[in-house]
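Protein chains in written order, with my numbering: chain A, 1 to 292; chain B, 1 to 292; chain C, 1 to 292; chain D, 1 to 292. See below for the structure under consideration.
4 protein chains.
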Amino acid sequence: MQLGLVGLGKMGFNMRERLRRAGHDVVGYDRAAEVRDVASLEELVDQLEAPRLVWVMVPAGDPTRETVERLGELLDEGDLVIEGGNSRFSDDQRNAEILAERGVRYVDCGVSGGVWGLEEGYGLMAGGAAEDVERAMPVFDALRPEGPREEGFAHAGGVGAGHYAKMVHNGIEYGLMQAYAEGFELLAAAPQVENVPEVLRAWTRGTVVRSWLLDLMVQALERDPQLENLRGYVEDSGEGRWTIEEAINNSVPAPVMSAALFARFASRQDDSPAMRAVAALRQQFGGHAVHH
Amino acid sequence: MQLGLVGLGKMGFNMRERLRRAGHDVVGYDRAAEVRDVASLEELVDQLEAPRLVWVMVPAGDPTRETVERLGELLDEGDLVIEGGNSRFSDDQRNAEILAERGVRYVDCGVSGGVWGLEEGYGLMAGGAAEDVERAMPVFDALRPEGPREEGFAHAGGVGAGHYAKMVHNGIEYGLMQAYAEGFELLAAAPQVENVPEVLRAWTRGTVVRSWLLDLMVQALERDPQLENLRGYVEDSGEGRWTIEEAINNSVPAPVMSAALFARFASRQDDSPAMRAVAALRQQFGGHAVHH
Amino acid sequence: MQLGLVGLGKMGFNMRERLRRAGHDVVGYDRAAEVRDVASLEELVDQLEAPRLVWVMVPAGDPTRETVERLGELLDEGDLVIEGGNSRFSDDQRNAEILAERGVRYVDCGVSGGVWGLEEGYGLMAGGAAEDVERAMPVFDALRPEGPREEGFAHAGGVGAGHYAKMVHNGIEYGLMQAYAEGFELLAAAPQVENVPEVLRAWTRGTVVRSWLLDLMVQALERDPQLENLRGYVEDSGEGRWTIEEAINNSVPAPVMSAALFARFASRQDDSPAMRAVAALRQQFGGHAVHH
Amino acid sequence: MQLGLVGLGKMGFNMRERLRRAGHDVVGYDRAAEVRDVASLEELVDQLEAPRLVWVMVPAGDPTRETVERLGELLDEGDLVIEGGNSRFSDDQRNAEILAERGVRYVDCGVSGGVWGLEEGYGLMAGGAAEDVERAMPVFDALRPEGPREEGFAHAGGVGAGHYAKMVHNGIEYGLMQAYAEGFELLAAAPQVENVPEVLRAWTRGTVVRSWLLDLMVQALERDPQLENLRGYVEDSGEGRWTIEEAINNSVPAPVMSAALFARFASRQDDSPAMRAVAALRQQFGGHAVHH
């Protein structure tokens, strides 16, 4: 089928390619002239036959909101917008309202898979009305991995449910990564184990901890067995924070997911103010030496 | 090749079967008469041709130590014992010494895979001298999953390294399980998501969090979509505790693995003494109501 | 000086008494007829001479907002409202704006001390313009403990800073309580220590952990040495949640304060959905028994 | 009364002074010639009249064990050794056995108070037989703070209970310090609060979080309001580690005490291997930039 795709960055660029391989007719727009098919959103909308389907894949926050607002002005009743970026679920309701004023439908979709999605397909979680989700199914089917639809796609609930499910997915992801990371550090620190990369590789089949993340870890260690060529400085992109806030809103204990988030915060500090306070206290009561 | 297998419980029974399917000649002994091939350790040793290989798969702690001691009395110089149970790595050095007095060789081997190992193979991590590990390779090859040897087997280091690697594997496993569990609880608690089992199923291909544990979670939810037919009471079998103790010994921060362990402890308490203390304090300073 | 006090609950009632003991002329209003001095907010405002000072001490959220709005209608330019309840700091800016439309000034004030404040005084943290804070100083001086002003009162910053400081105070409080509680549980669990209440009492002078909370703990154990007469069920009143959300907003690692919050959430669960998920996983991969 | 004191370091030196001020006759020995009263343990034992009381205050581990062994050789039946250092509780049983071979009695005593103990007294927790503890009471009374005995001294149980109680005391101390430290960091990070040291000072009377540690924090901030003159590098001296190990041994959840310990470990890492692993994973799956 025909669709518009707004945003051709790291994710959107690959998604256009995967959609085209599946036979879809994709009209792509981006601010970057070298990757886009059309020079403006207006042109994109003009090239699509009504009822249109436009997939939005731009950075979360203001860029997404502005794109939705602009599409609200350009699209017609019965058109459908799918927001596939990393929006916070709480933005979706307002997005839907903005578009509803013009009779434009809205579906949010959490997309997982990163740079591997082009070849392996993307895990998809959609939120919105059943008929809207159904209408976009050929697009979802092209993007998701081979195999049974339900193993790579879910209709999670109403508007916002797709991004909510993706947010929790990322919260879990933080926890999984931190678990492997702590295990790696312990193996590397313990004198008992001589071949850390080989041990992790031996876990990739047959063990309880085998996973795609473990496979990636093995690949990373293959190139750099002690991970010496990078620093332990880890960004976070929002979903982990939102997950903890939602855990708090729902009174759900989240010790592991929050520990993983806080470890990232700490990784970005040259010197911890909290630990300066602890050092100062120890000096006060015990005369313990401090480091300057 | 020919080998003895001591311990035919949940793990050992299946391992004998997998070894036999691979063409090995296994003489199995267990205290339970209905599963064993021979009636005593003496008989087991008698039936094996020297140099013998005996795999021990009995409960960790005293049963393993007693088996090793008894084998030390029965075996001859040049024989090889492989300890494949859930021993603490710190037991291995002593086991090796006991056997070395009689010239018997020792390899420890961490085994992962649970009840699925019979069909899918077991992840193996061995510790010991290179020549001893090499000698047992046909056995390791039969037990490990299909595919490249290094993806299901590692020689982790000297005596004890196999169990050490398996211990860390289990510490990671605790963290992974808790991460999925927290995410599951949040999805179930949040009103936004309507189809929790479907969301988890949609993660099994294409997403960053796909893993074997996730597949198992999906299977569990298939039978019992809200996990209503069991209680949130979780045992632990030692490795998680040892992992945290080793993290402490090596000054390795382990917030996620420890949070997962403590969540298990808490799951087994009907009423938390610590939280009684917090409730008592709140009553003292704020006149806050307490529950009786 | 003369002031109005809106809200005569557990906190406000005692504060009126402490203010009167200090010689202030307090006109108190509450919805509950049996404690109030005047029958309506209108009457309260009428009885005060301009420029008026009105202290608001009603539940956070809607009750506080409605009281502020109503006071905005009743008060005159140059009057001053002090919001001393448990409002979230983010409410203060809006409160100040509502009142500013009528030329009414606004100060927020975090108040700590609980039921002991009547006799021992309240710790106070104020936010607002310097001249407004200065004007209310006789009231602050009456409410705060004896001793140097700076040991019981701080002007923390602009509007909202008082409640922000109080929020962090409560986040710390959560952490302190949980630390004592974990220590108590460990002492009670360990066979080595026979006299747990006596050990805690022996910490009240001379040790590094001595504190007012410890004194309260000792008092609680005096009445109920094993805390058998209450349940480990602990509410939370919002500030702990907000503290973690602010830690996240400011990328501040907060492992201790968050662990204390999550322990409260867990204390209120009869059965943990997360731990049901862990139990289900263990059953799936290891055939481990589950509890029903 | 007369007693010997072995070890005149930071703690022992001050304790000798406090004991002398109370009228006790203290014979002090240390390896450092400039502080000691006698030149050898032999001389110390010679100068004491039987039945002797010798307080040991040397570093935990080998120095303490060696001192106990040497005293076992020098002392006579009926003499009493008090081990007041930072020994692990599990060392006490063996110490007692070594001395019991010669009929020498043994009491262990946890001592809290740091450099302030000279003036304010030391919190004391003793373990041993009732008659031995009773015999040393004049010494305990001199060392503990003024006031009721039970507020600065406890007989916690049998041999080892004193050090056990002190260990838990320190575990709590870790948690308390970390709670204040996290609150300090959040206050310092938040733009809303302008006067962080003043806010902490205002908590020292009247609030729920008032404590001796808070007083020390205020003093530290007085000299260095942003704690700029030290680094966030924090050592640990063993008790925190042992506390977590005991929590694990007793299946006691200890999320706060362990988080405080792990924060110290992390504070000493220039670059976290675990966070390098997380960064490597993010690069693998998402093409996220890493820092070099």
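C-beta: ideal position from N, C-alpha, C; glycine also. All figures in this text were calculated on a predicted structure; none of them were measured in a lab.
Worksheet item: By the criterion of Cβ-Cβ separation under 9 Å, what are the contact partners of A189(D) in chain B?
Response: Taking the fourth sequence and counting its residues from 1, one reaches residue 189(D) at position 189. The premise fails here: A189(D) is roughly 20 Å from chain B at the closest Cβ pair, so nothing lies under 9 Å.
Discussion item. For the segment 244 to 273 of chain D, list every residue whose C-beta sits within 8 Å of some C-beta in chain C, in sequence order.
Written reply: E246, A247, N250, S251, V252, P253, A254, P255, V256, M257, A259, A260, F262 and A263
Worksheet item: In chain A, which residues lie with their C-beta within 7 Å of the C-beta of R241(C)?
Response: As a first step, residue 241(C) is located in the third sequence; it is residue number 241 there, counting from the start. Here the neighbours are I248.
Discussion item. Using only the alpha-carbon positions, how far apart do A32(A) and G7(A) sit?
Written reply: Residue numbering aside, residue 32(A) sits at position 32 when the first sequence is read from its first letter. Residue numbering aside, residue 7(A) sits at position 7 when the first sequence is read from its first letter. Taking the straight line from one Cα to the other gives about 9 Å.
Worksheet item: Grouping DSSP H, G and I as helix and E and B as strand, with all else coil, what is G157(B)?
Response: The residue you call residue 157(B) lines up with position 157 of the second sequence. Residue state, collapsed to three classes: strand.
Worksheet item: Relative to the C-alpha of K166(A), which residue among A181(B), L200(B) and G162(B) is closest?
Response: To locate residue 166(A), count along the first sequence from 1; it is residue 166. Nearest C-alpha to K166(A): L200(B).
Discussion item. I'd like to know if H24(A) contacts chain B, where contact means its C-beta is closer than 8 Å to some C-beta of that chain.
Written reply: By 1-based counting over the first sequence, the position of residue 24(A) is 24. Output row for H24(A): interface = no.
Item to complete: Give the residues of chain C in contact with W116(B), contact being defined as C-beta atoms less than 7 Å apart.
Response: Counting from 1 along the second sequence, the entry for residue 116(B) is found at position 116. Residues of chain C passing the Cβ test: F285.
Worksheet item: Can a CB atom of chain A be found closer than 8 Å to the CB of V208(C)?
Response: As a working mapping, residue 208(C) is identified with position 208 in the third sequence. At least one chain A Cβ lies under 8 Å of V208(C).
Discussion item. E83(B) and D92(B) - do their beta-carbons sit closer together than 8 Å?
Written reply: Locating residue 92(B) in the second sequence gives position 92, where the first residue counts as 1. Locating residue 83(B) in the second sequence gives position 83, where the first residue counts as 1. The answer is yes: Cβ separation under 8 Å.
Discussion item. Pop quiz: S112(A) and T204(B) are said to be a contact at Cβ under 8 Å. What is the actual Cβ separation, rounded to whole angstroms?
Written reply: If you number the first sequence from 1, residue 112(A) lands on position 112. If you number the second sequence from 1, residue 204(B) lands on position 204. No, S112(A) and T204(B) are not in contact; Cβ-Cβ is about 11 Å, not under 8 Å.
Item to complete: Can you tell me the Cβ-Cβ gap for Y164(A) and Q192(B), rounded? I've got them flagged as a contact below 8 Å.
Response: To locate residue 164(A), count along the first sequence from 1; it is residue 164. To locate residue 192(B), count along the second sequence from 1; it is residue 192. The pair is a contact, with the Cβ atoms about 4 Å apart (cut-off 8 Å).
Discussion item. Can you pull the chain B neighbours of Y122(A), defined as C-beta to C-beta under 7 Å?
Written reply: Numbered from its first residue, the first sequence carries residue 122(A) at position 122. Near Y122(A) (Cβ distances below 7 Å), the residues of chain B are G206.
Item to complete: Would you tell me roughly how many angstroms separate the C-alpha atoms of R65(D) and A190(C), rounded to the nearest one?
Response: Position 65 of the fourth sequence, counting from 1, holds the residue named residue 65(D). Position 190 of the third sequence, counting from 1, holds the residue named residue 190(C). Their backbone Cα atoms lie some 24 Å apart in a straight line.
Worksheet item: According to DSSP, which residues form a beta bridge with A126(A)?
Response: Along the first sequence, one-based indexing puts residue 126(A) at 126. Beta-bridge pairing links A126(A) to C109(A) and H155(A).
Worksheet entry | I172(D): contacting residues in chain C (beta-carbon distance under 7 Å) | Taking the first residue of the fourth sequence as position 1, residue 172(D) is located at position 172. The answer, in chain order, is A179, Y180, G183 and V209.
Discussion item. Checking the sheet assignment: what are the DSSP bridge partners for D25(B)?
Written reply: Position 25 of the second sequence, counted from the first residue, corresponds to residue 25(B). DSSP lists Q2(B) as partners of D25(B).
Practice prompt. Could you name the residues of the same chain whose beta carbon sits closer than 8 Å to that of G72(C), not counting the 5 residues immediately before and after it, in chain order?
Written response: Within the third sequence, numbered from 1, the residue matching residue 72(C) stands at position 72. These residues qualify, in order along the chain: I98, L99, E101, R102 and V104.
Worksheet item: CB-CB under 7 Å to V293(A), same chain, minus the five flanking residues each way: which ones, in chain order?
Response: Not covered by the structure: residue 293(A). The range shown for chain A is 1 to 292.
Discussion item. I'd like the list of long-range same chain contacts for N14(C), defined as Cβ closer than 8 Å, with 5 residues on each side in sequence excluded.
Written reply: Here residue 14(C) is taken as the residue at index 14 of the third sequence, counted from 1. If we look at N14(C) and ignore the five residues flanking it on each side, its Cβ neighbours are V115, G117 and L118.
Discussion item. Could you give the first and the last residue of the continuous beta strand (DSSP E) run that contains L80(C)?
Written reply: The residue you call residue 80(C) lines up with position 80 of the third sequence. Start and end: L80 to E83.
Discussion item. So within the segment 31 to 89 of chain B, which uninterrupted beta strand (DSSP E) runs reach at least 3 residues, ignoring any that extend past its ends?
Written reply: 53 to 56 and 80 to 83
Practice prompt. List the whole-angstrom C-beta distance separating D271(D) from G183(A), where the pair is believed to meet the contact cut-off of C-beta under 8 Å.
Written response: Residue mapping note: residue 271(D) aligns to position 271 of the fourth sequence, counting from 1. Residue mapping note: residue 183(A) aligns to position 183 of the first sequence, counting from 1. D271(D) to G183(A), Cβ: 18 Å. No contact.
Worksheet item: What did DSSP end up calling S267(C) once you bin it into helix, strand or coil?
Response: By 1-based counting over the third sequence, the position of residue 267(C) is 267. Three-state DSSP puts S267(C) in a helix.
Discussion item. Less than 6 Å between C-beta atoms, sequence neighbours within five positions excluded: which residues of the same chain meet that for S267(D)?
Written reply: Here residue 267(D) refers to the residue found at position 267 when the fourth sequence is read from its first residue. Within the same chain, S267(D) has close Cβ partners G232, Y233 and V234.
Fill in: the segment 173 to 180 of chain D / the segment 133 to 153 of chain C touching (three or more Cβ pairs under 8 Å)
No, they do not touch.
Discussion item. Under 8 Å, Cβ to Cβ, is there at least one residue of chain C near K10(B)?
Written reply: Here residue 10(B) corresponds to residue number 10 of the second sequence, with the count starting at 1. Answer yes: the Cβ-Cβ gap between K10(B) and chain C drops below 8 Å somewhere.
Discussion item. Taking the alpha carbon of I172(C) as the reference point, which residue from P51(C), P255(C) and L74(C) has its own alpha carbon closest?
Written reply: On the third sequence, position 172 is the one that residue 172(C) refers to. For I172(C), the closest alpha carbon among the candidates P51(C), P255(C) and L74(C) is that of P255(C).
Worksheet item: Three-state secondary structure (DSSP) at S258(D)?
Response: The residue you call residue 258(D) lines up with position 258 of the fourth sequence. Correct three-state label for S258(D): helix.
Fill in: L221(A): first and last residue of the uninterrupted alpha helix (DSSP H) it sits in
Reading the first sequence from its first residue, position 221 is the one you call residue 221(A). Note, L221(A): alpha helix (DSSP H), W212 to R223.
Worksheet item: Helix or strand or just coil, what does DSSP make of Q284(C)?
Response: The sequence position of residue 284(C) within the third sequence is 284, counting from 1. Three-state DSSP puts Q284(C) in a helix.
Practice prompt. At 9 Å on the CB atoms, spell out the chain D contacts of R144(C), in chain order.
Written response: Within the third sequence, numbered from 1, the residue matching residue 144(C) stands at position 144. A202, R205 and G206, listed in chain order.
Worksheet item: To the nearest angstrom, how far is it from the Cα of P63(D) to the Cα of R94(D)?
Response: Locating residue 63(D) in the fourth sequence gives position 63, counting from the first residue. Locating residue 94(D) in the fourth sequence gives position 94, counting from the first residue. Cα-Cα distance, rounded: 14 Å.
Worksheet item: So, does the CB of A154(B) fall closer than 8 Å to a CB anywhere in chain A?
Response: What you label residue 154(B) is simply residue 154 of the second sequence in a count that begins at 1. With 8 Å as the cut-off, A154(B) counts as an interface residue toward chain A.
Discussion item. If the cut-off is 7 Å on Cβ atoms, which residues from the segment 80 to 106 of chain B count as contacting chain A, listed in chain order?
Written reply: F89
Fill in: Cross-chain neighbours of E194(B) in chain C, by beta carbon under 8 Å
Mapped onto the second sequence, residue 194(B) falls at position 194. Correct list: empty, because the minimum Cβ distance to chain C is about 16 Å.
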